[in-house]
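Each residue of the sequence shown is one higher than the last, beginning at 1 in the working numbering.
For reference, the structure is listed below as structure tokens.
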Amino acid sequence: MNLQTKIYQLIISRLDGGRICDQTYLESIFTLVRRGIGGFIIFGGKREELRPFIDNLQSIAEVPLFIASDIERGVGQQIAGYTQFPGQMAVRAAINRDDPDDMAILRDYLRAVSLEAIDAGINMPLIPVLDINNNPDNPIICTRAFSDDPDDVTFFGCQYISLLEGLNLFSCAKHFPGHGGTSTDSHISLPLISKSYDDLVNFDIRPFAEAIRCGVSSIMIGHLLIPSIDDATPSSLSKRVITGILRKDLGFNGLIMTDALNMSALSGIDNIAARCLNAGADVILHPTDDGLTVKDLEDAVSTRLLYEETLDSALERILKAKARLSNIKREKIDFRGHTHISKLITDMSVTLVKKIVGILPVADHENIQVVIAGEESLCEQPVWETQFRNVCSLSKTNEMLAVHTVIIAIFSKVAAWRGSSGTDDLVINQVNELVGKAKTSIVISFGSPYILSYFSNADVLLAAYEANVRIQEAVIKRLKSESGFKGMLPVRF
Numbered sequence: 001m002n003l004q005t006k007i008y009q010l011i012i013s014r015l016d017g018g019r020i021c022d023q024t025y026l027e028s029i030f031t032l033v034r035r036g037i038g039g040f041i042i043f044g045g046k047r048e049e050l051r052p053f054i055d056n057l058q059s060i061a062e063v064p065l066f067i068a069s070d071i072e073r074g075v076g077q078q079i080a081g082y083t084q085f086p087g088q089m090a091v092r093a094a095i096n097r098d099d100p101d102d103m104a105i106l107r108d109y110l111r112a113v114s115l116e117a118i119d120a121g122i123n124m125p126l127i128p129v130l131d132i133n134n135n136p137d138n139p140i141i142c143t144r145a146f147s148d149d150p151d152d153v154t155f156f157g158c159q160y161i162s163l164l165e166g167l168n169l170f171s172c173a174k175h176f177p178g179h180g181g182t183s184t185d186s187h188i189s190l191p192l193i194s195k196s197y198d199d200l201v202n203f204d205i206r207p208f209a210e211a212i213r214c215g216v217s218s219i220m221i222g223h224l225l226i227p228s229i230d231d232a233t234p235s236s237l238s239k240r241v242i243t244g245i246l247r248k249d250l251g252f253n254g255l256i257m258t259d260a261l262n263m264s265a266l267s268g269i270d271n272i273a274a275r276c277l278n279a280g281a282d283v284i285l286h287p288t289d290d291g292l293t294v295k296d297l298e299d300a301v302s303t304r305l306l307y308e309e310t311l312d313s314a315l316e317r318i319l320k321a322k323a324r325l326s327n328i329k330r331e332k333i334d335f336r337g338h339t340h341i342s343k344l345i346t347d348m349s350v351t352l353v354k355k356i357v358g359i360l361p362v363a364d365h366e367n368i369q370v371v372i373a374g375e376e377s378l379c380e381q382p383v384w385e386t387q388f389r390n391v392c393s394l395s396k397t398n399e400m401l402a403v404h405t406v407i408i409a410i411f412s413k414v415a416a417w418r419g420s421s422g423t424d425d426l427v428i429n430q431v432n433e434l435v436g437k438a439k440t441s442i443v444i445s446f447g448s449p450y451i452l453s454y455f456s457n458a459d460v461l462l463a464a465y466e467a468n469v470r471i472q473e474a475v476i477k478r479l480k481s482e483s484g485f486k487g488m489l490p491v492r493f
């Protein structure tokens, strides 16, 4: 390969699945393939359009493409037409690792996610998240993590890795050396982790060390500032983190990729891609501008800021990994069966955190009021209105306080660029006022379970870890005692 082709091969570019019917956008993607792009990370799209499109891209690529995607909640998280599954914290809440029946369900779940990834053409699912969420205010990890317990994170992470790798997919452990202790979203600014090196090794890094022993194919480096390791350089640009700890100390010989380079954590830093490669990364993920990144790297080589031998070393690992891609085989997808698995784990995940005897089950009558709070747009209000007569938003509760029982459903969301995974002080104060005035109170968190810590005076506390229709229906069934609570709380507060 010439220098430019080598550089393109190190880049995984963004692919917006919803834009592939736009001829101009389509040509830009084909141009990247002709130039030797290493792969794409998929956001959005429809199954019936994207599946043949990915096949077409692979057919014209001289070197097979990595097709990556953040599918922590299954392929349906990104591509319409595939199944949406519960995320990692919900899975941990649902599955008792000591129960053989539960473990069989987990394997069915992981196989379903994997087969849908293969069907879509995704050969590099960017899972599992191995961050240990030990900061209740973490705005970007939270329910994306399995737990705040390193043993649980390690155990479930290795289950994911083993099944993905068994189907010849490239699992990706993220975000090394651990994003779970932050209170900052690295999409917005650079998080600071002030832990000692020993604490990091004995806690945050443990799941990654075990993932390597379990055969993980790739590891993603988080954009984190960790003074106990490197007081001047973000971890994704740090040779001490990547080459020193991950390569040498942990003995990882697989692919190392950056977290997305379009994130604001690295704002103001020059020569980002070259510094990542010099630090020991192999794959440059989602740069803001592919062409500009290639030119910058060409300039870095010409000025000897980056040696071509460094590119060759990364390229050798990439090509060796891609030799496996031909072993991935599609199977017929049982979408009905996958929907059943998703619903089963969703139902199993609902967690009874606190209960005063005699309150559940509830029976609808005039003295029950359902109050929707937090991010109310996430609530599927018709689902509640078909089951309860009185449903209103938190802002309309002034005239309603003569009720016997109040059910307060608080919605929150974990997503990039938001800066928070919880709810604000105004909502907390208003909900606590309702709890104090109602004779009986039930508070449900749809999203971050840590929100429940503010409502210890409520009679019943329920944790649900998502905000979709399926989990809302599951909670309502349990409120009416159509089925019991099986979920186990994965975090402490």
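We treat Cβ as the ideally placed atom computed from N, Cα and C, and that holds for glycine.
Is DSSP giving residue i helix, strand or coil here?
i, result
"threonine 351", "strand"
"glutamine 58", "helix"
"isoleucine 205", "coil"
"phenylalanine 335", "helix"
"aspartate 424", "coil"
"cysteine 520", "Limits of the chain in this structure are 1 at one end and 493 at the other, which puts residue 520 out of reach."
"phenylalanine 40", "strand"
"alanine 80", "strand"
"proline 177", "coil"
"valine 362", "coil"
"valine 357", "coil"
"valine 513", "As shown, the chain starts at 1 and ends at 493. That puts residue 513 outside it, with no answer to give."
Excluding the 5 residues preceding and the 5 following residue i in the sequence, name in chain order all residues of the same chain whose CB lies nearer than 6 Å to its CB.
i, result
"isoleucine 407", "Val370 and Ile442"
"lysine 439", "His404"
"lysine 322", "Pro64"
"alanine 415", "none"
"methionine 124", "Phe66, Ala68 and Phe170"
"histidine 179", "Asp131, Ile141 and Gly222"
"lysine 486", "Met348"
"serine 228", "Ser196 and Tyr197"
"asparagine 327", "Asn168"
"arginine 275", "Leu237"
"histidine 338", "Thr83 and Ala112"
Is it buried or exposed, residue i, if we count other Cβ atoms within 10 angstroms and call 16 or more buried?
i, result
"alanine 467", "buried"
"serine 114", "buried"
"threonine 83", "buried"
"serine 238", "buried"
"glutamate 116", "buried"
"glutamate 523", "Since the first residue of the chain shown is 1 and the last is 493, residue 523 is not available in this structure."
"glutamate 27", "exposed"
"tyrosine 307", "exposed"
"glycine 45", "buried"
"proline 234", "buried"
"isoleucine 72", "In the sequence on display, residue 72 carries glutamate and not isoleucine. Per the 10 Å Cβ criterion, buried."
"threonine 24", "exposed"
"aspartate 424", "exposed"
"cysteine 21", "exposed"
"isoleucine 11", "buried"
"arginine 47", "buried"
"phenylalanine 53", "buried"
Using C-beta distances below 8 Å, list every residue in its chain close to residue i, excluding the 5 sequence neighbours before and after it, in chain order.
i, result
"proline 449", "Met89, Thr143, Thr351, Val353, Ala463, Tyr465, Leu489, Pro490, Val491 and Phe493"
"valine 427", "Ala373, Gly374, Leu394 and Ile410"
Could you check whether the Cβ of residue i sits closer than 7 Å to any heavy atom belonging to the ligand SAH?
i, result
"arginine 470", "Among the ligands in the structure shown, none appear at all, so the ligand SAH cannot be discussed."
Tell me the residue span of the beta strand (DSSP E) that contains residue i.
i, result
"aspartate 16", "11-16"
"threonine 546", "Given that the chain is displayed from residue 1 to residue 493, the structure contains no residue 546 and the question cannot be resolved."
"threonine 440", "440-446"
"methionine 554", "Here the chain has residues from 1 to 493 only, and residue 554 is not among them."
"cysteine 21", "That residue, cysteine 21, is in no beta strand (DSSP E); it is neither H nor E in DSSP."
"glycine 374", "368-374"
"threonine 258", "255-258"
"glutamate 460", "Correcting the residue type first, residue 460 is valine in the shown sequence and not glutamate. Counting along the chain, the beta strand (DSSP E) containing valine 460 begins and ends at 460-464."
Near residue i, what residues of its chain come up, given a Cβ to Cβ distance below 7 Å and the 5 sequence neighbours on each side ignored?
i, result
"alanine 211", "Leu130, Gly157, Cys158, Ile161 and Ala173"
"proline 150", "Ile132, Phe203, Arg206 and Pro207"
"leucine 32", "Ser13 and Asp290"
"threonine 154", "Arg206, Pro207 and Glu210"
"aspartate 230", "Ser238, Arg240 and Val241"
"glycine 280", "Lys239, Ile242, Thr243, Arg247 and Ile256"
"lysine 343", "Arg470"
"arginine 330", "Ile118 and Asp119"
Starting from residue i, trace the alpha helix (DSSP H) in both directions and tell me its first and last residue.
i, result
"valine 391", "Not the alpha helix (DSSP H): valine 391 falls in the beta strand (DSSP E), residues 391-393."
"serine 69", "Run containing serine 69: none in the alpha helix (DSSP H); it sits in the beta strand (DSSP E), 66-69."
"leucine 163", "150-166"
"glutamate 316", "308-322"
"cysteine 276", "272-279"
Segment contact, 8 Å Cβ cut-off, at least three pairs: the stretch 251-270 with the stretch 317-329: yes
Segment contact, 8 Å Cβ cut-off, at least three pairs: the stretch 214-224 with the stretch 168-187: yes
Validate contact between the stretch 285-302 and the stretch 239-253 using beta carbons, cut 8 Å, 3 pairs: Not touching, per the Cβ criterion.
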